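Residue numbers (the UniProt record's numbering), protein chains in the order written: chain A, 1 to 222; chain B, 1 to 222; chain C, 1 to 222; chain D, 1 to 222. First comes the structure, then the notes that go with it.
Protein chains: 4
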Amino acid sequence: MPKTARLLPGYMVDRYRAWRALRFEKDRAWYARLAEGGQRPRAMVFSCCDSRVDAVGLFGAEPGDLFVVRNVANLVPPYAPDHAHHGASAALEYAVTVLKVAHIVVLGHSNCGGVEACHDMCSGAAPHLEEETSFVGRWMSILAPGYAKVSDTGSREERLRLLEQEAVQVSLRNLESFPFVKSAVDRNLLTLHGAWMDIGEGVLHVFSAETRRFAPLEIASA
Amino acid sequence: MPKTARLLPGYMVDRYRAWRALRFEKDRAWYARLAEGGQRPRAMVFSCCDSRVDAVGLFGAEPGDLFVVRNVANLVPPYAPDHAHHGASAALEYAVTVLKVAHIVVLGHSNCGGVEACHDMCSGAAPHLEEETSFVGRWMSILAPGYAKVSDTGSREERLRLLEQEAVQVSLRNLESFPFVKSAVDRNLLTLHGAWMDIGEGVLHVFSAETRRFAPLEIASA
Amino acid sequence: MPKTARLLPGYMVDRYRAWRALRFEKDRAWYARLAEGGQRPRAMVFSCCDSRVDAVGLFGAEPGDLFVVRNVANLVPPYAPDHAHHGASAALEYAVTVLKVAHIVVLGHSNCGGVEACHDMCSGAAPHLEEETSFVGRWMSILAPGYAKVSDTGSREERLRLLEQEAVQVSLRNLESFPFVKSAVDRNLLTLHGAWMDIGEGVLHVFSAETRRFAPLEIASA
Amino acid sequence: MPKTARLLPGYMVDRYRAWRALRFEKDRAWYARLAEGGQRPRAMVFSCCDSRVDAVGLFGAEPGDLFVVRNVANLVPPYAPDHAHHGASAALEYAVTVLKVAHIVVLGHSNCGGVEACHDMCSGAAPHLEEETSFVGRWMSILAPGYAKVSDTGSREERLRLLEQEAVQVSLRNLESFPFVKSAVDRNLLTLHGAWMDIGEGVLHVFSAETRRFAPLEIASA
C-alpha cells in the first residue's frame, strides 16, 4: 500500500479539465471505438524522456497512431533473455509480436542529458556514475561502446552530438539482435528507422544506412 | 553498424514538415531558449506505451513541462541496484536527483494490454508468458503480487480494471522504495500521485491514499 | 523608518491563510524547488494595474510561468538610458538579458482609466492632467502620439477603444527601440505580441502586424 | 507601427480558451457589471514582477478586488514631480486620488533577483550595473540607501533577506513622501502595510512599525 500518495496537483486537474472540455468532446466517438476495438498503431517510437522532445506532437500522431517507449537517451538494450525486468524489450516484443507494427523509429535528440552523462562517465569526468549503485551510469553503459568511436573528435560539443547520433545507431543495431525483429524485417513486415532532432533549430535529421550519416530533412518552403 | 535501417516513412516526413511549418515556427524562440538553457520540467510521469493515452496532451504540457517515461503498463520496478540495465530506475534517478522535479505521477489506463497479459499469465491462461524468454512475461511479473488481490473478484472485466489500478499502486509503492525518492518526499520537495484514465469515457480517476480508492475527477459544468 | 505602517488588514490575513491551507500545501514541493533553483519564466507580460484584468488567471499561469509588469495602461516607455528611474525598462532588461524569456506580450484592455485620462488630457478636457505635477498626466503622455491617430473617429466610446489598442501598438513599437530586445528578436530568441481584452465580453483580441488590426480569438465550441 | 509583432503564442491561446470556457462563464455577470460600472478596488499592492509571487492568488483576490503594480523588487520611488515618466507614482496617484483605495500593501519576497542585483552593485561585485546604461542598476539605486544598513551583517544570505525587507521599508517611507498619500493617511482614509513572502516556505511575514521587524503570520492549524 503506497503511503505517501497525494491527490493530483491542482494545475494538472485544471489542464485535464481543459483537455476534457476542448479536446475530448471532439474526439469522443473515436475514443469510444479505440476503447472497444483495441489499439492498432502503425508505428512504434523509441524516444527520450526529455521534456523538450515529444514524438506524438512531432509526428502529428492522433490517438491510436503511435506506440511510444520513452526512456533516458532513447536506448534499445541488446537482446538478453535473462529473467531480468527489461522494460524496453518487453515493449518491443509486444509491439512487434502482438500489435504487429509496421515501422520502428529510434528518435534521438540534441542536448541530451543522458548522453552527456555517458560521455562524462566514459571520459573519466564523472566517477559517481561509474559506481554500481548509479542507475543512470548502468543504463548509459549500453551506449559505452559508442564512446570509443567519438572520443577523438574535436570539441566537447561535437563529441556530444556524435554520441547522441551513436545512441540511435547502437539502438538500431540492438533492435536487429532481437530474433522476432529480424524475422519481421526479413519478411518485409517491418522497417527500422533512425532520426535525430535538433531541439533549438527544430530540424529533424534522418539516418541513412548507405551513407552512415544523419542528414537534415528538407523543410517545405512556405 | 545497423544494416537494415531505412529513411523515415513518408507519412512521418509529411507530418514532421507540417509540425515544422505550423507549430515550431510559433515556438521557435522557446525551443531556442530550451536548447540553450536546458530543460527544467516541473513534473515526471510514468505512463504506458499505449497509443491511446498521451500524458502530454492530457495535461496540456508544453515543451519543457513534463519528463515522461513510457513503458508497458506504466510500471516502476522495485529498487534494485544490481548492475542490470534499469531504464525506468535510471529515468527516475535523473528526474529526482538532477532535474529535481516536484511531482511524480503514475498514470494507468483502461484496456491495458500489458495488464491483461499479466492477468492471463497469473491465472494460468497464457503459459507462453511464463517462459523465461518472454520479455512481456518477465516485465509484467512486477505486477504479479497485485494479482492475488483481485483474483477473487467477479467478472474478468472487473478484475482487469482492478489490476490496472493495482499497477498504479504497486508502482507508487515501488517509488517509495528508492532512497532518493523517499528522502525528497520526506523533505517536502517531491509529491507522488496516482491516476487511472478511462479511455472510452475520457474520465480521469485519481488515487486517494486515505480511501485507498480511485475516484473520478468531477468535470467542470459549463 | 516608515512611521505609519500597520499590520496587514484582517481580510488579507484570512485570505492568505486560506491560500496557505488550500493552495500552498498542494504546491509546496514546487515552491521549494522554485525557491532553490530560481525562476525561469517562459514569457513576460506588460499588463495594466486594473483590478479587473489578471494576466496570471487569463493565461492559466502557474508559479514560475509568467514574469509580469503591471503599470497604468500597460505601457512600455521608449528606450531612454538617461540615469532616471525607469521601472518598466529595468524589468524588461532583467527579463530579456537575465531570465531570457522567449515571448513578451503587451496586454491592453477595455474600460481603461489610464487611457481615458490620456484621451481627456489630449482633447483639452482635463487640464489638471496637463500640469507638471500630475504623475498620471506625465505617464500617459507616452501614449499622446497615439491620440492624433484616433482624434477624428466618431464616438467617444470608439475613440477610447482605439486609443486602448494604440496603447498596445505604441508599447510594441517602444519595445523594438530597446537594443537588447531588437537583438534577441533578430536572432529568433524572442517574439513580441499584442492583445486587448474586452472585460465585459470576456473576449481576447489579438494584434496582427499584417492587417494592423486587432481580431477576436475564436472561442472553442463544445 | 510595430513591425515584428506576431500572433499570440499557441499555448496562451489554448490557456485563454480554457479560462474562457471554465472560468469566465461562471463570472460573466460580474464581469459585465465591472465593465459597465467601473472598478472599485479596496486595496492596492506593490508587488514584484517575479513569476513565483502572485499577489492576486496569495490574497484570493476576485476580479475588481486588487489594484496591482508590479515592478522589479516592488519599489515605490520617492516623490519627485519632475516631468519624468514615473510609472509607479502615476499608479499610486490614480489609486489614491481617483479610485480611493483604503489600503496599500508593499509585498516583498525571498530570492529576489532585483534585490540581489542591488546587493552586488553596492558591494562592488557587479560593475556593469553601475554603468549609466543599466536600467536595472539605475532602478535598484532606489534601494541603495538600504544597503548601508545591512552591509555589516553575517552571511550573504542573511544580508539578502534583510535587504529584501529593507526594500519594503524604503518603499513604505517613500509612500509617505507623497502629499496625497500623507493626507489620506492623516485623515484615516488610507492605511499602509508592509509584508515579505518566503517563497519556499510559503510563509508571509508582516512588518510592524512598533518592533520595526517582520514577523511570520501564524498559520491556521488544520
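Ideal Cβ positions, reconstructed from N, Cα and C, are used throughout, including at glycine. Every value quoted in this text rests on a predicted model; they were computed, and no experiment measured them.
Starting from residue i, follow the beta strand (DSSP E) in both directions and report where the run begins and ends.
i        : result
Arg173/C : Run containing Arg173/C: none in the beta strand (DSSP E); it sits in the alpha helix (DSSP H), Arg156 to Glu176.
Ala215/B : Arg213 to Pro216
Val72/B  : Counting along the chain, Val72/B falls outside any beta strand (DSSP E), and DSSP gives it neither H nor E.
Leu107/B : His103 to His109
Cys48/B  : Ala43 to Cys48
Ala61/D  : Where Ala61/D is concerned, there is no enclosing beta strand (DSSP E), given that its DSSP letter is neither H nor E.
Gly137/B : Note, Gly137/B: premise wrong, no beta strand (DSSP E); alpha helix (DSSP H) at Phe135 to Met140.
Leu129/C : It is not in any beta strand (DSSP E) - Leu129/C instead sits in the alpha helix (DSSP H) that spans Pro127 to Glu130.
Asp54/A  : Element bounds for Asp54/A: n/a, residue is neither H nor E.
Leu192/C : Thr191 to Asp198
Arg203/B : According to the sequence provided, residue 203/B is Val. The question's Arg does not apply to it. From DSSP, the beta strand (DSSP E) with Val203/B extends over Val203 to Ser208.
Below 7 Å CB to CB, which residues in the same chain sit around residue i once its five sequence neighbours on both sides are set aside?
i        : result
Ala126/A : Ala117 and Asp120
Gly137/A : Met121, Leu129, Glu130 and Glu131
Leu66/A  : Pro41, Ala43, Val45, Ala55, Val56 and Phe59
Asp14/A  : none
Name the residue from the options whose alpha carbon lies nearest to the alpha carbon of residue i.
i        : options                                  : result
Ala35/C  : Ser110/D, Ser177/D, Thr211/D and Val56/D : Ser110/D
Ala167/A : Trp30/A, Ala73/A and Ser183/A            : Ala73/A
Phe51/C  : Ile199/C, Gly146/C and Arg6/C            : Reading off the sequence, residue 51/C comes out as Ser, not Phe. When only C-alpha atoms are compared, the closest one is Ile199/C.
Pro41/A  : Val45/B, Cys49/B, Pro41/B and Arg187/B   : Cys49/B
Arg33/C  : Ile142/B, His103/B and Ala61/B           : His103/B
Ala88/A  : Ala209/A, Ala21/A, Arg17/A and Ile142/A  : Ile142/A
Pro63/D  : Val53/D, Arg70/D and Gly38/D             : Gly38/D
Asn71/B  : Tyr94/B, Ala61/B and Leu107/B            : Leu107/B
Glu164/B : Phe178/B, Phe207/B and His83/B           : Phe207/B
Gln169/C : Phe180/C, Arg212/C and Thr4/C            : Arg212/C
Ser47/C  : Val69/C, Gly146/C, Trp30/C and Gly114/C  : Val69/C
Ala95/B  : Phe135/B, Val53/B and Thr191/B           : Thr191/B
Glu201/C : Tyr31/D, Thr4/D and Asp14/D              : Tyr31/D
Ser123/B : Val98/B, Arg187/B, Gly146/B and Thr133/B : Gly146/B
At a CB-CB cut-off below 8 Å, which residues of chain D make contact with residue i?
i       : result
Lys26/B : Arg6, Leu7, Pro9 and Gly10
Give every residue of the same chain whose Cβ lies closer than 6 Å to the Cβ of residue i, excluding the five residues on either side of it in the sequence, and list them in chain order.
i        : result
Leu204/B : Ala195, Met197 and Leu217
Ala222/D : For Ala222/D, the pLDDT reaches just 43, beneath the cut-off of 50, and the residue's location in the model is therefore unreliable, leaving the point undetermined.
Ile219/D : none
How would you list, in chain order, the residues of chain C whose beta-carbon sits under 8 Å from the beta-carbon of residue i?
i             : result
residue 226/B : Nothing about residue 226/B can be read from this structure; chain B reaches only from 1 to 222.
Leu192/D      : Pro2, Thr4, Ala5 and Arg6
Which residues in the same chain as residue i place their Cβ atom closer than 8 Å to its Cβ, once the five residues preceding and following it in sequence are excluded?
i        : result
His85/C  : none
Arg159/B : His119, Val150, Ser151 and Thr153
Arg161/C : Ser110
Ala21/D  : none
Val181/C : Leu92, Val96, Ile104, Leu175, Leu190 and Leu192
Val101/C : Pro41, Arg42, Ala43, Met44, Phe67, Ala95 and Leu190
Where does the unbroken alpha helix (DSSP H) through residue i begin, and where does it stop?
i        : result
Ala148/B : Ala144 to Val150
His86/B  : From DSSP, His86/B is part of no alpha helix (DSSP H); its letter is neither H nor E.
Val185/C : Pro179 to Asp186
Ala29/C  : Glu25 to Gly37
Gly10/C  : Gly10 to Trp19
Val115/C : Gly113 to Cys122
Run down chain D in chain order and give the residues with a C-beta less than 9 Å from the C-beta of residue i.
i        : result
Glu130/B : Neighbours of Glu130/B on chain D: none; closest Cβ ~47 Å, over 9 Å.
Gly60/B  : Tyr11, Asp14, Arg15 and Ala18
Residue i touches chain A at which residues, Cβ-Cβ below 7 Å?
i        : result
Cys49/B  : Phe67, Val68, Val69 and Ala91
Ser110/B : Ala35
Going along chain C, which residues have a C-beta under 7 Å from residue i?
i        : result
Gly202/D : Arg20, Phe24, Arg28 and Tyr31
Ser208/D : Leu7
Anything in chain B within Cβ reach of residue i, meaning under 7 Å, just list it in chain order.
i        : result
Leu189/C : Ala29, Ala32 and Arg33
Leu172/A : Pro2 and Ala5
Gly64/A  : Ser51 and Arg52
List, in chain order, every chain C residue whose beta-carbon is nearer than 9 Å to that of residue i.
i        : result
His103/B : Ala29 and Trp30
Exercise. Determine, using beta-carbon pairs with one atom in the segment 65 to 80 of chain B and one in the segment 168 to 176 of chain B, whether at least three such pairs fall under 8 Å.
Key: yes
Quiz item: Does the segment 47 to 58 of chain D come close enough to the segment 142 to 162 of chain D that 3 or more CB-CB pairs lie under 8 Å?
Solution: no
Quiz item: Looking at C-beta atoms only, is the number of pairs between the segment 2 to 14 of chain A and the segment 21 to 28 of chain C that lie closer than 8 Å three or more?
Solution: yes
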